[in-house]
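Residue numbers (our numbering): 977 to 1251.
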């Protein structure tokens, strides 16, 4: 295992794309790296852990300040017990692991006494058929409306430090070449909802991260509308499905995605090191 470097970020993003399929739970996605890129390349690189086999990247982890690592594992090593043991040995100092694929690693962790932590609900919408009309005026974000996107985001998440400069940093990065930000406008022309969608390439699962409605405009169906707009954008970009994962405790959020045509998949728990 090696820590990420600024020079390796594009290589890591490129390696993770083919791992995003329509089977099983949502795992760490290139779009997750794209969103965190807004904090700056060095900060993102410092958070990444990269595993290789014969020089090929086969697993990527992103560590956050809470001592949690979010993992993506290549299908070629999903059931590889020897590789799982190597991964586990490299997790010293990590208290919580999010591994929604990596069957061999999950089995090894639970067999070593790791216990369930926060539970998450993955949701997926197949994009074979066209998405129904969203019933909301939706614009793709560019220089003329980016301030609306930032304002709505900050109103979605109290205490958010998201800024115009952070959006510009994110939009200039390589993952955003396969991404789009959308803003939805209410009948009076006021920005009410926003979302960012991330493709992993043609015929692969795309990611919604993040999505929300301005706190002063909730309760009007804008959440369902912007979710459908997100799915439509991913379909236009060639994604095979739209995926998202939300805390299982967010019952209203899960219901909103289901109402927008997403299938609720079985819950999956993070795993916490035994105390």
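Built from N, CA and C at the ideal position, the CB exists for glycine as well.
Across which residues does DSSP place residue i in a beta bridge pair?
i            : result
residue 1239 : 1100
residue 1027 : 1035
residue 1188 : 1170
residue 1217 : 1102 and 1181
residue 1287 : In the structure as shown, the chain starts at 977 and stops at 1251, and residue 1287 therefore has no counterpart that could be examined.
residue 979  : 1025
Comparing C-alpha positions only, which one of the options sits nearest to residue i?
i            : options                   : result
residue 1097 : 1047, 1103, 1181 and 1229 : 1229
residue 1008 : 1165, 1162, 1195 and 1219 : 1219
residue 1217 : 1068, 1099 and 1083       : 1099
residue 1113 : 1214, 1204, 1020 and 987  : 1204
residue 1206 : 1136, 1172 and 1072       : 1172
residue 1128 : 977, 1146 and 1161        : 1161
residue 1303 : 1005, 1012 and 1070       : Residue 1303 lies beyond the stretch modelled for the chain, which goes from 977 to 1251, so this question has no answer here.
residue 1250 : 1060, 1076 and 1093       : 1093
residue 1164 : 1144, 1133 and 1193       : 1193
residue 1037 : 1055, 1029 and 1022       : 1022
residue 1191 : 1185, 1081 and 1133       : 1133
residue 1082 : 1060, 1101 and 1102       : 1060
residue 1080 : 1065, 1104, 1073 and 1054 : 1054
residue 1029 : 1020, 1213, 1050 and 1237 : 1050
residue 1169 : 1158, 1106 and 1238       : 1158
residue 1196 : 1052, 1103 and 1111       : 1111
residue 1107 : 1210, 1222, 1221 and 1225 : 1210
Roughly how far, in whole angstroms, is the beta-carbon of residue i from the beta-carbon of residue j, given that I think they are within contact range, below 8 angstroms?
i            : j            : result
residue 1001 : residue 1241 : 6 angstroms
residue 1167 : residue 1124 : 4 angstroms
residue 1176 : residue 993  : 4 angstroms
With the cut-off set at 8 angstroms, would you say residue i and residue j are in Cβ contact?
i            : j            : result
residue 989  : residue 1151 : yes
residue 1024 : residue 980  : yes
residue 1048 : residue 1058 : no
residue 1091 : residue 1247 : yes
residue 998  : residue 1181 : yes
residue 977  : residue 1027 : yes
residue 1199 : residue 1232 : yes
residue 1143 : residue 1126 : yes
residue 1077 : residue 996  : no
residue 1073 : residue 1084 : no
What residue range does the alpha helix (DSSP H) around residue i cover?
i            : result
residue 1198 : 1198 to 1212
residue 1160 : First-last for residue 1160: 1155 to 1161, but that is the beta strand (DSSP E), not the alpha helix (DSSP H).
residue 1128 : 1122 to 1132
residue 989  : 985 to 992
residue 1141 : 1140 to 1147
residue 1009 : 1006 to 1012
residue 1065 : 1057 to 1065
For the beta strand (DSSP E) containing residue i, name the first residue and the last one.
i            : result
residue 1116 : 1113 to 1116
residue 1248 : 1244 to 1248
residue 1046 : 1044 to 1049
residue 999  : Neither: residue 999 is in no beta strand (DSSP E) and is coded neither H nor E.
residue 1074 : 1072 to 1074
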